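A.B. asks: One structure is given below, represented as structure tokens, and several questions about it will come after.
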Amino acid sequence: MNLLFKLALVLPNQTINTIIMAEKLIIVSDMWGAKKGLWITSYLGYLQQYFDITFYDSQQLANLDILIQTEENVHSAFINGGIDTAVSHLLKKETQPCYYLAFSTGASIIWEAAKKGLPVKSLYGVSPTRIRKKNERPSVPFQLVYGANDKFRPSEEWADRLGVEMEVVPNYGHTLYTDEKIIQKVCMDLLQEVTQIAPQIKKVV
């Protein structure tokens, strides 16, 4: 069933365009950036008509220039300073509150940036496994989604200790965010979340 038709069934009395059109959404890639990110176009296809979208390539945010793009090399570059660099750049670039949709390393970057004051209305993070090594959570609304077969996803013990809720999707691994069914689910979740939050924001303004 078409994603927008599904949303119309959920929100039959609301004009989605009117509710969301002014909202800014920042999308941050996984560690591969745009190089292996053709799947990102599916998210843009669903969401660009409802949001003012800014896209960040996580490798560019981190100032990475990796000649041989192996998983080991890219991962090492991020954990050895790349994530910190990306966080610093993001804090300088984005000074107004907005929504974030981020994947894997990109979601870990937003998680860390939010702890340092990045103004986040909400973070929808898919597969941010690095945060399992952190002992603090950001003071912003967030939703985390993982594949059940992702062996590096945070443990239930970690989630309980930090008071974090995680959605674990059966039969998927780390890159579940590239699957069309998950893409539709994520977009649906995000659109529903924003339509619920937007009226409250308007009242404050």
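Residue numbers are given in full-length UniProt numbering: position 202 of the sequence shown equals residue 202, and the series is strictly consecutive.
All C-beta atoms, glycine included, are put in the ideal place defined by N, C-alpha and C.
All figures in this text were calculated on a predicted structure; none of them were measured in a lab.
Excluding five sequence neighbours on each side, which residues of the same chain lie with their C-beta closer than 6 Å to the C-beta of residue 170?
C.D. replies: 148
A.B. asks: In the DSSP assignment, the alpha helix (DSSP H) including residue 87 goes from what residue to what residue?
C.D. replies: Unbroken alpha helix (DSSP H) run through residue 87: 83-93.
A.B. asks: Within 10 Å of its beta-carbon, does residue 195 have 16 or more other beta-carbons around it, so buried, or fewer, so exposed?
C.D. replies: buried
A.B. asks: Which residues in the same chain have their Cβ closer than 8 Å to the Cβ of residue 183, if we skip the five residues on either side of it in sequence?
C.D. replies: The beta carbon of residue 183 lies closer than 8 Å to those of 39, 42, 43, 46, 177 in the same chain, with the five residues before and after it left out.
A.B. asks: Can you check which of these residues, 156, 24, 180, 97, is closest to residue 49 by C-alpha distance?
C.D. replies: 24
A.B. asks: Looking at the structure shown, is residue 52 part of a helix, part of a strand, or coil, going by DSSP?
C.D. replies: strand
A.B. asks: Which two residues bound the contiguous beta strand (DSSP E) that contains residue 145?
C.D. replies: 142-147
A.B. asks: Give the secondary structure of residue 106 by DSSP, where H, G and I count as helix, E and B as strand, and everything else as coil.
C.D. replies: helix
A.B. asks: In whole angstroms, what separates the C-alpha of residue 161 from that of residue 69?
C.D. replies: 36 Å
A.B. asks: One question on the structure: do residue 82 and residue 102 come within less than 8 Å of each other, judged by their Cβ atoms?
C.D. replies: Cβ atoms of residue 82 and residue 102: not closer than 8 Å.
A.B. asks: Roughly how many whole angstroms lie between the Cα atoms of residue 192 and residue 67?
C.D. replies: 41 Å
A.B. asks: Quick check: residue 144 and residue 116, are their CB atoms within less than 8 Å of each other?
C.D. replies: no
A.B. asks: In the DSSP output, which residue or residues are listed as bridge partners for residue 186?
C.D. replies: Paired residues: none, contrary to the question.
A.B. asks: List the whole-angstrom C-beta distance separating residue 31 from residue 105, where the pair is believed to meet the contact cut-off of C-beta under 8 Å.
C.D. replies: 4 Å
A.B. asks: Cutting at 6 Å between CB atoms, please list the residues of its own chain near residue 89, excluding the five before and the five after it.
C.D. replies: 61
A.B. asks: If you drop the 5 nearest sequence neighbours on each side, which residues of the same chain put their C-beta closer than 6 Å to that of residue 200?
C.D. replies: The predicted position of residue 200 is uncertain, since its pLDDT is 35 and thus under 50; no value can be drawn from it.
A.B. asks: Who are the near neighbours of residue 4 in its chain, counting only those whose CB is closer than 6 Å to its CB and skipping five residues on each side?
C.D. replies: With a pLDDT of 49 at residue 4, under the threshold of 50, the predicted position of this residue should be treated as unreliable, and no value is reported.
A.B. asks: The alpha helix (DSSP H) that contains residue 122, what's its start and end?
C.D. replies: Not the alpha helix (DSSP H): residue 122 falls in the beta strand (DSSP E), residues 120-126.
A.B. asks: Quick one: give me the first and last residue of the alpha helix (DSSP H) that residue 47 is part of.
C.D. replies: Looking at the DSSP string, the run of the alpha helix (DSSP H) that includes residue 47 is 40-47.
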